[in-house]
Amino acid sequence: MVVPVRARAPRDAAASAASQSPDVRVRPAGAGAPLRPEAGPRPDDGPVLAHVTWSGTADAADAVLAHLQQHLGMDLWALTRVEHGTQRVQAARSGTLRIPAGTELPWMDALSRQVLAGAAPRVATDASVEMAFAAAGVDRRFRVGAYVVVPLVGEDGRLLGTLCGLSAAAQPPALAGELPLVELLARLLGTLRAKEEFAAERSAEAAAAYAVAERDSLTGLLNRRGWQRALGAEDQRCLRGGRCSAVAVVDLDGLGEVNESRGHEVGDELLVLAAQVLQTTVRPCDEVARIGGDEFALIAADAGADGVHAWTARLSTALAAAGVEATGGAAASGAERRLSEAWRAAEDAMLADKHARRGPRRRSPRPVP
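Dropping the structure here:
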C-alpha cells in the first residue's frame, strides 16, 4: 500500500576496576626464588617467548611476565600503567600472590617517580639499604627484600607505567646483571602499548569523522549517505526477522520561492523547523534524514502496511500544525517488496501527488496500490 502524505498551512506561517587492601603482603616462596643459572627454559617452563603469538599488549605482557618469573625468580612481576594520576596493575604474575588487574599501587607510583628522577636505582638486590626505597613507604606496606623497577616512559618523558619485580627476600648480586633484559622487554611492551593507544585514538577519530560525514550540517539529521546506510541496515533486519517496516518521503512545498523572495536564511529556518517536527513525531528507533535540498525521508521500524495510514496522518498533522507546507508519500515493505523498493514507491507517490496538485484541479489524496 502506498499512501500520500499531505500537509498544508498558510505560506507565511513558515517564518516562525577493583582495588586491593594496602595490607596485602608479598610472601616469600620458601627462602625466596633464586636466579636460575640455566641458559634456556626447562621442559615445564611453558612456551618460549619467540614461539608465542600475541594478539596485543595483554597477551605480550602475560608472556613476558611469565618468562621473567621463570628465569629471574622473584615473587611478583607486574606491568603497571598510569591512569588519571594513579598507577594500576595491567598484568601480574606471582606464585604466592594474586593481584587482579586494576589494583592501585600508589607506593609503586612514588618509587617509580624516584627511579625516573634518578633518586633510586632501577634494581636493588637488597632493598633494605636503599634509602629512597624506604622513603617511598614500600617497606610499610610489603615485605620486600629486592626489587626491579623499570619505568615505561612516553616520547614526551611522561611516566606511562612500569615493568617491575618484587621479592620478599634479598636476591644475589647477579640480579643486577639482568637489568638490560628487563629494560629491553619494558621498551618493547611500552612501544606496543603506545602503538595500540595510537591506533585506538585514530580509530575513534575515524569513527567520529565517519559519523559527522553521515550528518547534514544544517539540520543534524542523517544525510543521503547516512540514509543509505540506515535503509540498508533496516532492510537486512527485516529480511532476517521476516519483519515489515515503512518508509516515507516528505518534500517541502515552495522552498525555492521562499529562498528567492525572503532569502536563504529564512529558507534554512524552514528546513530546520521541518526537521525538528519530523524528529519529534517519530520514535527513538525510527530514522529521519534530509536526502536532498527540500526532501526528507523517514523509516518507521516494524510499521507494516496496516500502520502506514496512522503514521502518515501523524506526520501530516504535525507539519501542518507547525506551519510547514509539504507533500509526501509512504509505503511499506512486505513479502514481495524490499524496503529499498518501498522507498522508491514512496517517492513515486509523492511526485505523483505533487504533479496532480499543480494541475487545473486539486483532488484529495488517495492510496495508490
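Numbering of the sequence shown is given in our numbering, commencing with residue 1094 and proceeding in unit increments. The beta-carbon is built from N, C-alpha and C at its ideal position, and this holds for glycine as well.
Could you check whether the region 1386-1401 touches the region 1338-1352, counting it as contact only if at least three pairs of C-beta atoms, one from each stretch, sit closer than 8 Å? yes
Which two residues bound the contiguous alpha helix (DSSP H) that contains GLY1400? As a working mapping, residue 1400 is identified with position 307 in the sequence shown. Where GLY1400 is concerned, the enclosing alpha helix (DSSP H) stretches over 1398-1414.
How many Å lie between ALA1368 and GLY1254 at the Cα? One-based indexing of the sequence shown puts residue 1368 at position 275. One-based indexing of the sequence shown puts residue 1254 at position 161. Near 49 Å, if we compare the C-alpha coordinates of GLY1254 and ALA1368.
If you follow the beta strand (DSSP E) that GLY1258 is in, where does it begin and where does it stop? Here residue 1258 is taken as the residue at index 165 of the sequence shown, counted from 1. Its beta strand (DSSP E) spans residues 1252-1260.
Which one or two residues does DSSP pair with TYR1303 in a beta bridge? In the sequence shown, counting from the first residue as 1, residue 1303 sits at position 210. Bridge partners of TYR1303: none, in fact.
Given ASP1309 as reference, the closest of LEU1332, LEU1364, ARG1186 once Cα atoms are compared: On the sequence shown, position 216 is the one that residue 1309 refers to. Nearest of LEU1332, LEU1364, ARG1186 to ASP1309, Cα basis: LEU1364.
Considering only residues of the same chain and omitting the five flanking positions on each side of GLU1290, which have a CB-CB separation below 7 Å? Taking the first residue of the sequence shown as position 1, residue 1290 is located at position 197. Taken in chain order, the list of residues that qualify is empty.
Residues bridged to SER1187 (per DSSP): Taking the sequence shown and counting its residues from 1, the one referred to as residue 1187 is at position 94. Paired residues: LEU1169.
Test item: CB-CB of LEU1366 and LEU1256 under 8 Å: Mapped onto the sequence shown, residue 1366 falls at position 273. Mapped onto the sequence shown, residue 1256 falls at position 163. Cβ atoms of LEU1366 and LEU1256: not closer than 8 Å.
Three-way DSSP call (helix, strand, coil) for GLU1429 in this model: Along the sequence shown, read from residue 1 onward, the residue named residue 1429 stands at position 336. In this structure, GLU1429 counts as coil in the three-state DSSP scheme.
Mind reading off the beta-carbon distance from ASP1328 to MET1443? Whole number of angstroms is fine, and I expect it under 8 Å. Numbered from its first residue, the sequence shown carries residue 1328 at position 235. Numbered from its first residue, the sequence shown carries residue 1443 at position 350. The Cβ separation is near 20 Å, so there is no contact.
Indicate whether ASP1155 and ALA1194 have their beta-carbon atoms separated by less than 8 Å. The sequence position of residue 1155 within the sequence shown is 62, counting from 1. The sequence position of residue 1194 within the sequence shown is 101, counting from 1. Against a cut-off of 8 Å, the Cβ pair of ALA1194 and ASP1155 comes out as no contact.
Would you report the Cα separation of ARG1074 and ALA1341, rounded to the nearest angstrom? The chain is shown from 1094 up to 1462; residue 1074 falls before or after that span and cannot be answered.
Per-residue DSSP class, three states only, for GLY1139: On the sequence shown, residue 1139 is found 46 positions in, with the first residue counted as 1. For GLY1139, the predicted structure reports a pLDDT of 48, less than 50, and the residue's modelled location is therefore unreliable. A value from the coordinates is still provided. GLY1139: coil per DSSP, three-state reduction.
Does DSSP classify ALA1394 as helix, strand or coil? Taking the sequence shown and counting its residues from 1, the one referred to as residue 1394 is at position 301. If DSSP states are grouped into helix, strand and coil, ALA1394 belongs with coil.
Same chain only: Cβ atoms within 6 Å of GLY1283, ignoring 5 sequence neighbours per side: In the sequence shown, counting from the first residue as 1, residue 1283 sits at position 190. Closer than 6 Å at Cβ, skipping near neighbours: LEU1245.
Is the beta carbon of ALA1439 less than 8 Å from the beta carbon of ALA1424? Taking the sequence shown and counting its residues from 1, the one referred to as residue 1439 is at position 346. Taking the sequence shown and counting its residues from 1, the one referred to as residue 1424 is at position 331. Contact flag set, yes.
Can you tell me the Cα-Cα spacing of VAL1182 and ALA1293, whole angstroms? By 1-based counting over the sequence shown, the position of residue 1182 is 89. By 1-based counting over the sequence shown, the position of residue 1293 is 200. So the alpha carbons of these two residues sit roughly 20 Å apart.
Just reading off the beta strand (DSSP E) that ASP1344 is part of, what are its end residues? On the sequence shown, residue 1344 is found 251 positions in, with the first residue counted as 1. Element bounds for ASP1344: 1339-1345.
Span of the alpha helix (DSSP H) holding GLU1358? Within the sequence shown, the letter at position 265 stands for residue 1358. Looking at the DSSP string, the run of the alpha helix (DSSP H) that includes GLU1358 is 1357-1374.
Output the distance between the C-alpha atoms of ALA1151 and VAL1222, rounded to the nearest integer angstrom. One-based indexing of the sequence shown puts residue 1151 at position 58. One-based indexing of the sequence shown puts residue 1222 at position 129. In a straight line, the C-alpha of ALA1151 is about 34 Å away from that of VAL1222.
Label HIS1357 either buried or exposed according to how many other C-beta atoms from any shown protein chain fall within 10 Å of its C-beta, with 16 as the threshold for buried. Sequence index remark: in the sequence shown, residue 1357 carries index 264 (1-based). With fewer than 16 Cβ atoms within 10 Å of its Cβ, HIS1357 is classed as exposed.
Tell me which same chain residues have a C-beta within less than 8 Å of the C-beta of THR1373, skipping the five on either side of it? Translated into positions along the sequence shown, residue 1373 becomes position 280. Contacts found: ALA1411.
6 Å Cβ shell around PRO1121 - same chain, five flanking residues per side excluded: Position 28 of the sequence shown, counting from 1, holds the residue named residue 1121. Note on PRO1121: pLDDT 39, under 50, position unreliable in the model; the coordinate value appears next. Closer than 6 Å at Cβ, skipping near neighbours: ALA1261, ALA1262.
Given THR1473 as reference, the closest of THR1179, ASP1399, LEU1209, ALA1287 once Cα atoms are compared: Given a span of 1094 to 1462 for the chain in the structure shown, any question on residue 1473 remains unanswerable.
In this structure, how does DSSP classify ARG1336 when only helix, strand and coil are distinguished? To locate residue 1336, count along the sequence shown from 1; it is residue 243. Residue state, collapsed to three classes: coil.
What three-state label does DSSP hand LEU1315 in the structure shown? Start at 1 with the first residue of the sequence shown, and residue 1315 comes out as number 222. Note: LEU1315 maps to strand in three-state DSSP.
Please classify SER1187: is it buried, with 16 or more other beta-carbons within 10 angstroms of its beta-carbon, or exposed? In the sequence shown, residue 1187 corresponds to position 94, counting from 1. By the neighbour-count rule (16 or more Cβ atoms within 10 Å), SER1187 is buried.
Can you give the Cα-Cα distance for ALA1126 and ARG1251, rounded to whole angstroms? Taking the first residue of the sequence shown as position 1, residue 1126 is located at position 33. Taking the first residue of the sequence shown as position 1, residue 1251 is located at position 158. Low local confidence applies: a pLDDT of 43 at ALA1126 is under 50, so the model's placement there is unreliable, with the coordinate-based value given in what follows. Rounded to whole angstroms, ALA1126 to ARG1251 spans 33 Å at the Cα level.
Spatial neighbours of ALA1306 within its chain, please: C-beta separation below 7 Å, excluding the five flanking residues on both sides. As a position in the sequence shown, residue 1306 is number 213, starting the count at 1. Cβ within range, chain order: ARG1318.
Taking the C-alpha atoms as reference points, what is the distance between PRO1462 and SER1426? Here residue 1462 refers to the residue found at position 369 when the sequence shown is read from its first residue. Here residue 1426 refers to the residue found at position 333 when the sequence shown is read from its first residue. For PRO1462, the predicted structure reports a pLDDT of 35, less than 50, and the residue's modelled location is therefore unreliable. A value from the coordinates is still provided. Rounded to the nearest angstrom, the two C-alpha atoms are 13 Å apart.
Does DSSP put ALA1423 in a helix, a strand or coil? As a working mapping, residue 1423 is identified with position 330 in the sequence shown. It is a strand residue.
Skipping 5 residues on each side, what residues in its chain have a beta carbon closer than 6 Å to that of ASP1138? On the sequence shown, residue 1138 is found 45 positions in, with the first residue counted as 1. Confidence at ASP1138 is low in this model, with a pLDDT of 46, below 50, so its placement is unreliable and no value can be given for it.
So what's LEU1245 in DSSP terms, helix, strand or just coil? Here residue 1245 refers to the residue found at position 152 when the sequence shown is read from its first residue. Note: LEU1245 maps to strand in three-state DSSP.
ALA1390: buried (16+ other C-beta within 10 angstroms of its C-beta) or exposed? Here residue 1390 refers to the residue found at position 297 when the sequence shown is read from its first residue. Buried is the call here.
Burial state of TYR1240, where buried means 16 or more other Cβ atoms lie within 10 Å: By 1-based counting over the sequence shown, the position of residue 1240 is 147. By the neighbour-count rule (16 or more Cβ atoms within 10 Å), TYR1240 is buried.
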